[in-house]
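If you're matching positions, the sequence shown starts at 1 in UniProt numbering and goes up one per residue.
Cβ atoms here follow ideal geometry from the backbone N, Cα and C, with glycine treated the same way.
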Amino acid sequence: MGNSKSKEIKNNSIDISNVHFYDRLQNSTNEINKEFVLIWVDEKCKENNLDTLRTQILLKQINNNNCLFFDNCQHFFLEIDRIRNENFRILVILSGSLTKILPKTQNIISTIIIFCEDSTKYLNISRQYSNVVDVCTDHESLKSSIENEISSLKLNLFSNQTLKSVHSLTFSEDLTNCDAFFSYIFFLELLKQMPQTKQAKDLMLNKCQDYYRNDKKQNLSIELFRNTYQSDEAIHWYIKDSFIYRLVNRAFRTENITLWYLFRFYLIDLCKQLELIHKEQNIQTSLILYRGQSRMSIKEFNYLKSNIGSFILANGFFSSTTDIQIANSFLSGAINTEDYKVILFKIIVEQSVVDKIIFVDIDKYVGYVGECEVLFSIGSIFQIENVDFNNELNVWQIDIKAIDQNTSKVKESIETIRKRCGNKENINLIFGNLLIDMNQYTKAESYFQMILQELTKNHYDIPLIYDHLADLFMKITNWNEALKYFNLSFELKKKNLYFYQSSISITLNGIGNYYKSIGDFNQAYEYYFQAMKYSNNNQYNMAIILSNISTIDLINKNYEKALEKCIQARDILQEMNSYSSNEIIYCHGIIGDIYLEMKNYLYAEEFYLTTFEMSKNILFIGDKIKINSIKSLIYLYKQQGLIEKALEFSMNQLLWYERYFPDCYSSIANIYMEISQLYDYNHSNHIYYLEKALNIFENNIHIQYLITYQCFSFIANYYFKKSLFDKSRKYYLKTLEIQKKIYPKDHSIIIQTQSIIDDIPIEM
1 MGNSKSKEIK
11 NNSIDISNVH
21 FYDRLQNSTN
31 EINKEFVLIW
41 VDEKCKENNL
51 DTLRTQILLK
61 QINNNNCLFF
71 DNCQHFFLEI
81 DRIRNENFRI
91 LVILSGSLTK
101 ILPKTQNIIS
111 TIIIFCEDST
121 KYLNISRQYS
131 NVVDVCTDHE
141 SLKSSIENEI
151 SSLKLNLFSN
161 QTLKSVHSLT
171 FSEDLTNCDA
181 FFSYIFFLEL
191 LKQMPQTKQA
201 KDLMLNKCQD
211 YYRNDKKQNL
221 SIELFRNTYQ
231 SDEAIHWYIK
241 DSFIYRLVNR
251 AFRTENITLW
261 YLFRFYLIDL
271 CKQLELIHKE
281 QNIQTSLILY
291 RGQSRMSIKE
301 FNYLKSNIGS
311 FILANGFFSS
321 TTDIQIANSF
331 LSGAINTEDY
341 KVILFKIIVE
351 QSVVDKIIFV
361 DIDKYVGYVG
371 ECEVLFSIGS
381 IFQIENVDFN
391 NELNVWQIDI
401 KAIDQNTSKV
411 KESIETIRKR
421 CGNKENINLI
431 FGNLLIDMNQ
441 YTKAESYFQM
451 ILQELTKNHY
461 DIPLIYDHLA
471 DLFMKITNWN
481 EALKYFNLSF
491 ELKKKNLYFY
501 QSSISITLNG
511 IGNYYKSIGD
521 FNQAYEYYFQ
531 AMKYSNNNQY
541 NMAIILSNIS
551 TIDLINKNYE
561 KALEKCIQAR
571 DILQEMNSYS
581 SNEIIYCHGI
591 IGDIYLEMKN
601 YLYAEEFYLT
611 TFEMSKNILF
621 IGDKIKINSI
631 KSLIYLYKQQ
641 GLIEKALEFS
651 MNQLLWYERY
661 FPDCYSSIAN
671 IYMEISQLYD
681 YNHSNHIYYL
691 EKALNIFENN
701 IHIQYLITYQ
711 CFSFIANYYF
721 KKSLFDKSRK
731 YYLKTLEIQK
741 KIYPKDHSII
751 IQTQSIIDDI
761 PIEM
């Protein structure tokens, strides 16, 4: 095929005997599975407290709100009878206190996870009942166990979770400025640089065995792979009907980064072999290819139709065919409905880019004429050329054009992050660090916890991972958890100081940040100076510590000292080239804060605007520094009494996020909060925007603890001023609950909130 001209339509008859090729060519969103229901049975599951709310949110996020909660066993069994008759698949999360009902579940429920405080009480019980697959004691292990059971670590076994075959990208002249593209390709490049180890292979295959534990055929295939697989067989294993194709592609279409890491052993081989064979085939002619999709959601279809010229990114490896009849055969019997459209993709690969797009002619590779398959490597980028109805085939046809991925800038950025991390060898830490930078906190936590389980007891990386986990919890403002991990890291580094002299200052600086966050500024100062002592003249670390010390001087109203230290820190960072960009932006924000406190509003605005503009060009969309730059400008205008200017600016930012990044919930909620504070409490918009913010925070409570309790507190204060004391008490109690989670016991903020609650009048 590679030496022929562009192929349009072939008239030869179609042999549909190769079912697996059809499976690859057909879009995975066409797979229809039985409906899945997640059920939580716990006598306390409907109580109004933080842990219960977090469990409910976790289950809803995993199963797209298709969840049921029962605090009554009799009602639970009645519902089980009903949904079993409707062929629903069921997974039950059962409270440890209700294990007495297990005998009744033996023949009616195949999968139960016990969720309790002490696993040792129920391990024997779990061995007695074959349908009890796990005992979990915390939300993270529960999340992991559920994902393991219902979807082989979220590999989409139920129909109401969308498998994304393509990912929409925003308009951009330079795709490397697009978060979705950058992060996707970045992770792929990082994975390719990870070492191939037997441990990585075993981890992947063990997870596959967990998933196929009741499938003898696939288990035989897994063992065959374990015993015989060679790296130059990656494509052969992909195109044969085996577990590896099904699980790897599904993993990528869930966009769960931690799953990518699990499958890295095979992924690295497949990507490298596709690149190698692509070079060997040396195809020089343009191609016209086709791909059928019998079900595209109306939402995705309308987006593509209304965004001609924009880009889409293929999630997973992307099969196509040069034969339109083969592609169209998948659409036989499919019909357009109000919810779904039948789609035929026409894919154009122009001669000018054939050497830059990674794809392989499968017929040419296997050495015989088959189904005219062309397999694209993962992360291929296409531009939407046209969307029109094909009357002849009675389908919607979407014309897309393959474009140069230009990964050179991504590879340069990996080297930049290597320098920032200070460890040129440890690609695993860079991978997790990027998850944190991208605000993927839940995934980052799962990733680092998974790495900890893989490492040996005395592994060098353990305290470094504790540092990253502590940093993660600092970012989500769960300060108690952050201190726990900082202390774990510090104790290990202190015992082995010879090996950690270059990094102990990072831990001490982190502990200083913790004390600053909880308002103990003297302790913060002490830890910052200890960190400086251990910095060993590392210019980068010294600059970070200096900028943090400047914030203490600012709090203590030592403005000149604060300004001197922060400018010194910025100047050091500017001499260290581009890999300090994030920290330079941070310094500009602090300088803006200093000038604001000095009431030098002109300079404050200048530095805030610099921070804002730099963050737009450099940082990820949901980055905390970026949203803080927006909040700082709003606050600055408010302080000057420029309420209309503050409202105009905040509304413009809100509209931008809602239009282009509607999934960036945290940033949108933060802007809602800022807008609410621009209105007097008597104005309807005050409570309106607070409630809009709260609606987001309550569904993402573990992402933004501080801002969530502040939102609760603002609403509580609003109701107090309206003399609605019962409502006020309700929201102050929610405030207190979060404060107790993130602050040390008997912290002044906890005591103050409790005092407010005690003083709220009782409504008669």
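Among the options, the one whose alpha carbon lies nearest that of residue i
i    : options                : result
S547 : K557, K565, A531, N538 : K565
I462 : D471, L452, A470       : L452
Y122 : V135, I112, F612       : V135
C372 : S332, T321, F499       : T321
T753 : S713, F607, F431       : S713
L94  : D71, A543, E737        : D71
I239 : Y129, Y212, L274       : L274
F330 : Y290, V133, I427, V354 : Y290
F389 : E454, I288, L344, I381 : L344
Q351 : K341, K401, N336, Q325 : K401
N556 : F431, M598, N541       : M598
E583 : Q539, S332, L694, I749 : Q539
H278 : Y660, F359, L205       : F359
L678 : Y266, E644, N695, Q325 : E644
T52  : K516, F115, N522, L429 : F115
M651 : L694, N685, K272, D623 : N685
Beta-carbon proximity list for residue i, same chain, < 8 angstroms, skipping 5 on both sides
i    : result
Q56  : W40, C45, C67, F69
K741 : L50, N478, N480, Y705
L690 : Y672, M673, S676, C711, F714, I715, Y718
Q739 : Y709, H747, I749, I750, T753
Length of the line joining the Cα atoms of residue i and residue j
i    : j    : result
P744 : M474 : 14 angstroms
A716 : L706 : 15 angstroms
Q640 : A524 : 31 angstroms
I760 : H747 : 21 angstroms
D404 : K356 : 6 angstroms
K201 : R226 : 8 angstroms
L59  : E648 : 38 angstroms
Y732 : G519 : 21 angstroms
Q196 : N496 : 29 angstroms
K100 : Y129 : 12 angstroms
I756 : F725 : 11 angstroms
M532 : I549 : 10 angstroms
G316 : L375 : 11 angstroms
Residue environment, residue i, which counts as buried when at least 16 other CB atoms sit within 10 Å
i    : result
G367 : exposed
R246 : buried
D553 : buried
G512 : buried
N328 : buried
F263 : buried
N220 : Before going further, note that residue 220 is Leu rather than Asn in the sequence given. Result: exposed.
E445 : buried
M296 : buried
G309 : exposed
S666 : buried
I32  : Unreliable placement is indicated for I32, whose pLDDT of 34 sits below 50; the coordinate value is still reported in the next sentence. It counts as exposed.
D42  : buried
N63  : buried
E300 : buried
I494 : Reading the sequence as shown, one finds Lys at residue 494 and not Ile. When all chains shown are included, K494 counts as exposed.
W656 : exposed
Sequence-distant residues of its chain with Cβ nearer than 6 angstroms to residue i (five each side left out)
i    : result
L188 : G379
K626 : S615, L619
Y527 : L508, I511, G512
Y500 : K493
Near the ligand HEM: residue i beta-carbon under 8 angstroms from a heavy atom
i    : result
K143 : Only the bare structure without any ligand can be found here, which leaves the ligand HEM out of the picture.
Cβ-based neighbour list, residue i, same chain, cut-off 7 angstroms, excluding 5 preceding and 5 following
i           : result
residue 809 : With the chain running from 1 to 764 in the structure shown, residue 809 is simply not present.
CB contact below 9 angstroms: residue i versus chain D
i    : result
Y303 : Of the protein chains in this structure there is only one, and it is not chain D.
Query raised in the report: Which runs of the alpha helix (DSSP H), 4 residues or longer, sit entirely within the segment 658–691?
Result: Taken in chain order, the complete alpha helix (DSSP H) segments of 4 residues or longer contained in the segment 658–691 are 665–676.
**Report entry** Whole alpha helix (DSSP H) elements within the segment 570–649, 4-residue minimum
**Finding:** Segments of the alpha helix (DSSP H) lying fully in the segment 570–649: 581–597, 601–618, 624–639.
**Report entry** Start-end ranges of the alpha helix (DSSP H) lying completely within the segment 272–343, minimum 4 residues
**Finding:** For the segment 272–343, the full-length alpha helix (DSSP H) segments reaching 4 residues or more read 298–306, 324–329 along the chain.
Requested in this report: Only counting runs of 3 or more residues, tell me where the beta strand (DSSP E) segments fall wholly within the segment 87–144, in order along the chain.
Outcome: Along the length of the segment 87–144, whole beta strand (DSSP E) runs at least 3 residues long occupy 89–95, 112–115, 132–136, reported in chain order.
Query raised in the report: Taking only runs of the alpha helix (DSSP H) that begin and end inside the segment 441–483, which ones reach a length of at least 4 residues, in chain order?
Result: Taken in chain order, the whole alpha helix (DSSP H) runs of length 4 or more contained in the segment 441–483 are 441–454, 462–475.
Report task. Output the residue ranges of the alpha helix (DSSP H) runs that lie fully inside the segment 41–73 and measure 4 residues or longer, sorted by chain position. Result -> Within the segment 41–73, the alpha helix (DSSP H) runs of at least 4 residues that lie entirely inside it are, in chain order, 50–62.
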